[in-house]
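Asks: Okay, here's the structure, questions in a sec.
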Amino acid sequence: MDGKKDPTLGSPAVVAISLLSDFIPTEDLKRFISVIKENLLIKRKRVPFGILVRKSDKQIYYGDNEYHEAMVWPRDTPYLIHILLKTGEREIVKGLLKSNLDHQMTEGFIFYNTELFSPDYGKVVPVKNPVQWWSQWVDPLQFRISDFPNPQSKDTYADPITNAINAINIANFKKKEDFFGEFFIRSCAIAKQKQISATATINKYFISKRFCT
Numbered sequence: 001m002d003g004k005k006d007p008t009l010g011s012p013a014v015v016a017i018s019l020l021s022d023f024i025p026t027e028d029l030k031r032f033i034s035v036i037k038e039n040l041l042i043k044r045k046r047v048p049f050g051i052l053v054r055k056s057d058k059q060i061y062y063g064d065n066e067y068h069e070a071m072v073w074p075r076d077t078p079y080l081i082h083i084l085l086k087t088g089e090r091e092i093v094k095g096l097l098k099s100n101l102d103h104q105m106t107e108g109f110i111f112y113n114t115e116l117f118s119p120d121y122g123k124v125v126p127v128k129n130p131v132q133w134w135s136q137w138v139d140p141l142q143f144r145i146s147d148f149p150n151p152q153s154k155d156t157y158a159d160p161i162t163n164a165i166n167a168i169n170i171a172n173f174k175k176k177e178d179f180f181g182e183f184f185i186r187s188c189a190i191a192k193q194k195q196i197s198a199t200a201t202i203n204k205y206f207i208s209k210r211f212c213t
């Protein structure tokens, strides 16, 4: 605000780089994501979950004074996924999708993301609103799962973020003993039977008809 640059690392840089990623060399993106992984990436139950809004010592949410400190905003995750896909970080994307689905299914308001997470020095606790529209990203979840194009090959990423769901191995989801697998299979059946639109299916069953083949 006073004309000075703030050198503090934060998620706004991830959003900006994601939007400009088509104009940035892959090697530069890899260097950037390496810094993000080291400084901002947060794990939950030892699985990648999201990124900090700001690298800060304030890692416990007491009130809105900490809102823009070292908190995790789910709304930043799709931008992170976009860059991860372009740099070949498949395993991190798998973790992000798995851990966020786990949150949606096991705590708070089912099918939805909480507005904010407090890292609490490792515990990563949901705080604030249990449902928030801008935190409710679905793009990476609405396309059929398959393997990503190899970033070392000549395959191109026409729209990387829409292919984020490819990071999960579909076999893991279709095992009957797997909760999410059973959930997705039933959702597909309902979507086909009732011919629900893609948008309605995402909202009601958290899956689109494109997943159901």
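Sequential numbering from 1 applies to the sequence shown in this note's numbering.
All residues carry an ideal CB built from backbone N, CA and C; glycine is no exception.
Take K128 and list the residues in its own chain whose beta-carbon comes closer than 6 Å to its own, dropping the five residues that flank it on each side.
Replies: Hits under 6 Å: E115, L116.
Asks: Among K94, T87, P7, M105, which has the Cα closest to the Cα of K55?
Replies: Nearest of K94, T87, P7, M105 to K55, Cα basis: P7.
Asks: Which one or two residues does DSSP pair with G50 in a beta bridge?
Replies: In the DSSP output, where bridge partners are listed per residue, G50 has I42.
Asks: Pick helix, strand or coil for S118, following the three-state DSSP scheme.
Replies: In this structure, S118 counts as strand in the three-state DSSP scheme.
Asks: Rounded to a whole number of angstroms, what is the C-alpha to C-alpha distance between S11 and I60?
Replies: Distance between the alpha carbons of S11 and I60 is about 17 Å.
Asks: Could you tell me how far apart the beta carbons of L29 and L40 are, in whole angstroms, since I believe they sit closer than 8 Å?
Replies: So it is not a contact: roughly 15 Å between Cβ atoms.
Asks: By DSSP's criteria, R127 is part of a beta bridge. Which residues make up the other side?
Replies: Correcting the residue type first, residue 127 is Val in the shown sequence and not Arg. Beta-bridge pairing links V127 to L116.
Asks: Need the endpoints of the alpha helix (DSSP H) that V14 sits in, please.
Replies: Looking at the DSSP string, the run of the alpha helix (DSSP H) that includes V14 is 11-19.
Asks: On the three-state DSSP scale, how would you describe F180?
Replies: Per-residue confidence for F180 stands at a pLDDT of 49, beneath the threshold of 50, marking its modelled position as unreliable; the derived number appears in the next sentence. Residue state, collapsed to three classes: helix.
Asks: Quick check on this structure: which residue in R75, E69, I33 has the alpha carbon closest to the alpha carbon of Y112?
Replies: Of R75, E69, I33, the residue nearest in Cα terms is R75.
Asks: How close, in whole Å, do the beta carbons of I81 and V93 come, if the pair is a contact with beta carbons under 8 Å?
Replies: Yes, they are in contact, since the Cβ atoms of I81 and V93 sit about 6 Å apart, within 8 Å.
Asks: Could you check if K86 is buried or exposed, using at least 16 other CB atoms within 10 Å of its CB as the buried criterion?
Replies: Classification of K86: buried, given that the 10 Å Cβ count is 16 or more.
Asks: So what does V72 bridge to, in DSSP terms?
Replies: L52, F117.
Asks: Report, in whole angstroms, the separation of the C-beta atoms of F49 and K58, which I expect to be a contact under 8 Å.
Replies: Not a contact, Cβ separation roughly 18 Å.
Asks: If distances are taken between C-alpha atoms only, which option among P126, W133, S34, L20 comes closest to S99?
Replies: Per the Cα distances, P126.
Asks: Does the beta-carbon distance from I24 to I83 come in below 7 Å?
Replies: No, they are not a contact pair.
Asks: Restricting to Cα atoms, I'd like to know which of L20, V131, S118 is closest to H68.
Replies: With distances taken between Cα atoms, H68 lies closest to S118.
Asks: Out of curiosity, what's the CA-to-CA distance linking Q136 and E27?
Replies: Distance between the alpha carbons of Q136 and E27: 31 Å.
Asks: Taking just the CA atoms, how far does V138 sit from R245?
Replies: This structure gives no information on residue 245, because the portion of the chain shown stretches from 1 to 213.
Asks: With P130 and F109 assumed to form a contact (beta carbons below 8 Å), what rounded beta-carbon distance in angstroms separates them?
Replies: Rounded, the Cβ-Cβ distance is 4 Å, consistent with contact.
Asks: Starting from the C-beta of Q132, find all residues in its chain whose C-beta is less than 6 Å away, skip the five residues before and the five after it, and write them out in chain order.
Replies: Excluding sequence neighbours, Q132 sits near E115.
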